[in-house]
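Scroll down for the structure; my scribbles are underneath it.
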Amino acid sequence: MWRSTVDRLACVDLPAFPLQLLLRDHAEWRDDPAVVVEHDRPQGKILWVNAAAARLGIRREMRYAAGLSICAKLRAGVISSERIERGREEVATQLRSFSPEIEPFPGDPGVFWLDASGLERLHPDLRVWGDRLRARLRAEEFCSLVVVGWTRFGTFAVARGLRQGSADRGIGSRAEAKARGRRASRGAAMPGTLHLRDRSREAAMARRVPLERLSLSPASLDALEKLGAYSVGDLLELPAGGLGKRFGPELLRLHRLAQGEDPLPLQSVAYEAPLESGIDLEPPVADVSQLVFHFSRLLHPLLERLVGRGDALAQLDLDLTLEQSSALSEDARFLHKSLRPAAPTLDATQLLHLVHLCLDRLELAGAVERIALVAGGVAATEEQLLLFVDAPKRDIEAGDRALARVRAELGNDAVVRAVLRPGHLPEASYGWEPMEHLSLPHLADADASPLPLIRRIEQRPRPLPPRPRIEPDGWLLAELEAGPVVKKSGPYIFSGAWWHNLIHREYHFAEFRRGDIVWVYCDRRRKRWYLHGVVE
Numbered sequence: 126m127w128r129s130t131v132d133r134l135a136c137v138d139l140p141a142f143p144l145q146l147l148l149r150d151h152a153e154w155r156d157d158p159a160v161v162v163e164h165d166r167p168q169g170k171i172l173w174v175n176a177a178a179a180r181l182g183i184r185r186e187m188r189y190a191a192g193l194s195i196c197a198k199l200r201a202g203v204i205s206s207e208r209i210e211r212g213r214e215e216v217a218t219q220l221r222s223f224s225p226e227i228e229p230f231p232g233d234p235g236v237f238w239l240d241a242s243g244l245e246r247l248h249p250d251l252r253v254w255g256d257r258l259r260a261r262l263r264a265e266e267f268c269s270l271v272v273v274g275w276t277r278f279g280t281f282a283v284a285r286g287l288r289q290g291s292a293d294r295g296i297g298s299r300a301e302a303k304a305r306g307r308r309a310s311r312g313a314a315m316p317g318t319l320h321l322r323d324r325s326r327e328a329a330m331a332r333r334v335p336l337e338r339l340s341l342s343p344a345s346l347d348a349l350e351k352l353g354a355y356s357v358g359d360l361l362e363l364p365a366g367g368l369g370k371r372f373g374p375e376l377l378r379l380h381r382l383a384q385g386e387d388p389l390p391l392q393s394v395a396y397e398a399p400l401e402s403g404i405d406l407e408p409p410v411a412d413v414s415q416l417v418f419h420f421s422r423l424l425h426p427l428l429e430r431l432v433g434r435g436d437a438l439a440q441l442d443l444d445l446t447l448e449q450s451s452a453l454s455e456d457a458r459f460l461h462k463s464l465r466p467a468a469p470t471l472d473a474t475q476l477l478h479l480v481h482l483c484l485d486r487l488e489l490a491g492a493v494e495r496i497a498l499v500a501g502g503v504a505a506t507e508e509q510l511l512l513f514v515d516a517p518k519r520d521i522e523a524g525d526r527a528l529a530r531v532r533a534e535l536g537n538d539a540v541v542r543a544v545l546r547p548g549h550l551p552e553a554s555y556g557w558e559p560m561e562h563l564s565l566p567h568l569a570d571a572d573a574s575p576l577p578l579i580r581r582i583e584q585r586p587r588p589l590p591p592r593p594r595i596e597p598d599g600w601l602l603a604e605l606e607a608g609p610v611v612k613k614s615g616p617y618i619f620s621g622a623w624w625h626n627l628i629h630r631e632y633h634f635a636e637f638r639r640g641d642i643v644w645v646y647c648d649r650r651r652k653r654w655y656l657h658g659v660v661e
């Protein structure tokens with residue numbers, strides 16, 4: 126049998142993970158019948174049911190309307206895939222305190238594997254390590270099961286076999302949560318933590334797990350029931366070759382995993398450390414408003430870095446260092462506060478309000494000489510990233526109201542905008558049309574041709590003084606401060622309209638000594654120079 130290079134594995138299973146997220150977001154529902162629905166409509170399918178709803182006879186796969194007919198006070202909510210992903214990130218952040226190697230299970234959002242190799246030196250009994258891990262998750266209002274064993278499939282299957290235990294029954298129940306806390310405080314073994322000390326016990330327990338606990342598709346379960354296979358042990362009695370041919374790759378992979386043929390080592394997810402930033406305050410600051418201002422200087426760049434990683438801020442740690450004083454011990458100089466918004470956010474105003482409230486409660490024993498922020502992020506929703514990146518800094522509606530006042534005072538034709546039109550001459554290539562509403566500019570695609578130089582076009586070309594025959598100081602086109610023309614590019618010839626009024630213009634870009642660039646042309650028919658625009 127192939128064996129992983131990882132000696133010991135732990136499977137952390139958070140049963141009914143979407144339901145746990147719902148009750149975590151709505152703590153006031155914990156003692157009420159509550160369900161997770163596919164859609165917030167009467168015909169929406171019920172996906173998860175808490176213990177209080179199950180006692181009333183509400184079951185998964187029911188319609189929401191059917192559940193309401195059983196209990197009029199049924200609480201229901203939709204948990205999006207983005208919310209589930211943020212919840213997984215929150216759990217993974219807590220698990221990293223117990224093992225640096227974590228692999229989420231793609232088939233179930235509430236399942237994680239941890240590398241427990243070498244932890245026996247720190248925790249002679251890995252069950253105690255599992256108890257502490259579960260206590261940490263319970264402090265974050267997550268209910269979990271932990272199985273420490275040897276293989277991915279073995280620990281996963283045993284954890285699924287334990288789901289009939291207290292972990293499932295405790296979801297949403299304050300009374301049972303308090304009872305578990307009392308048992309943990311007395312040092313008693315917490316139900317739902319299991320340490321499998323040898324491989325044979327893991328294999329034996331895994332064989333007894335019903336197949337319906339392993340997240341198989343209904344079609345696969347029906348096919349196995351026809352063969353009389355109801356448990357993992359029954360599945361192992363079937364020949365692997367025939368299983369793959371008759372029922373496809375899902376059951377063949379499950380069969381191989383159950384036999385211990387797992388070809389991959391632990392696939393740990395990349396860990397991104399929290400973002401940090403700090404500054405020294407000179408002179409030290411004691412005023413709360415000034416401290417909030419300095420924290421805002423740190424916060425905005427941190428939020429931009431979080432957006433660059435596709436994250437939203439879930440936790441903000443504040444560190445303050447007071448200036449040295451004989452009245453303060455060394456430890457008393459360092460203050461630490463942790464803030465958590467109601468939901469992961471990129472809203473700097475909301476976060477600074479929390480910072481202000483936190484600092485108002487502090488009784489500083491001296492002025493602050495250094496501050497620092499540590500931002501912990503979770504995966505942000507697409508809407509959050511778009512609002513942060515694309516949110517206009519200008520109030521478009523306020524601009525429209527201002528334009529309406531201009532039109533009311535000066536007439537409806539007073540507010541116009543330039544539009545491109547087909548035309549040979551520069552002054553004929555654009556026109557003006559009334560503008561009803563403001564809009565933000567849109568950048569061209571990266572693959573588009575380069576944008577032309579921006580020119581401020583004269584509505585009517587302005588005649589220039591004739592050029593003298595002798596120019597001792599160079600060609601002077603503008604005010605003396607700009608200096609003479611030092612470089613001229615051209616000519617770019619525009620000619621045509623021979624059937625009406627022959628036009629022949631030779632356009633040039635003229636650069637002054639100061640660096641200004643103008644757009645001029647020589648009309649050969651009129652024998653005169655004209656200023657047609659300025660390059661900006």
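When you read off a place in the sequence shown, starting at 1, and then add 125, the result is the number in my numbering.
Yeah, the Cβ is synthetic: ideal placement off N, Cα and C, and Gly gets one too.
Straight-line spacing of the CA atoms in residue 163 and residue 146 works out to 14 angstroms. Judged by beta-carbon spacing, residue 287 lies beyond the 7 angstroms limit of residue 262, meaning their Cβ atoms are not closer than that value. Of the other Cβ atoms in all chains shown, 16 or more fall within 10 Å of the Cβ of residue 171; this residue is therefore buried. Counting only the Cα atoms, residue 423 lies some 18 angstroms from residue 469. Sorting 278, 402, 474, 479 by C-alpha distance to the C-alpha of residue 381 places 278 at the top.
When the Cα atoms are used, residue 323 and residue 329 turn out to be separated by approximately 10 angstroms. Non-local C-beta neighbours of residue 384 in its own chain, meaning closer than 7 angstroms and more than five positions away in sequence, comprise 361, ordered along the chain. Residue range 251–264 is occupied by the alpha helix (DSSP H) that includes residue 260. The three-state secondary structure of residue 415, taken from DSSP, is helix. Following the DSSP letters along the chain, one finds residue 483 inside the alpha helix (DSSP H) bounded by residues 473–486. Assigned with DSSP and collapsed to three states, residue 380 falls in helix. Note that the C-beta distance between residue 443 and residue 491 is not below 7 angstroms. In chain order, 236, 237, 238, 281 place their CB closer than 8 angstroms to the CB of residue 230, counting only its own chain and leaving out the 5 sequence neighbours on each side. Under the rule that a run must span 3 or more residues, the beta strand (DSSP E) segments found entirely inside the region 205–252 read 227–229, 236–240. Residue 275 carries a coil assignment under DSSP once its states are collapsed to helix, strand and coil.
Taking all protein chains in view, the Cβ of residue 317 is crowded by 16 or more other Cβ atoms within 10 Å, so the residue is classified as buried.
Its chain contains 199 as the residues whose beta carbon lies nearer than 6 angstroms to that of residue 193, once the 5 sequence neighbours on both sides are disregarded; these appear in chain order.
From the listed residues 414, 413, 401, the smallest Cα separation to residue 429 is found for 401. Listed in chain order, the non-local C-beta contacts of residue 431 below 8 angstroms within the same chain comprise 400, 437, 438, 471, 500, 502, 505, local neighbours out to five positions each way being set aside. In the structure shown, residue 444 falls within a strand segment according to DSSP collapsed to helix, strand and coil. Close CB contacts of residue 167 within its chain, under the 8 angstroms cut and outside five residues either way in sequence, are with 188, 189, 190, 193 (chain order). Between residue 416 and residue 494, the gap from beta carbon to beta carbon reaches 7 angstroms or more. In the structure shown, residue 267 falls within a coil segment according to DSSP collapsed to helix, strand and coil.
Looking from the CA of residue 276, the closest CA among 581, 349, 241, 549 belongs to 241.
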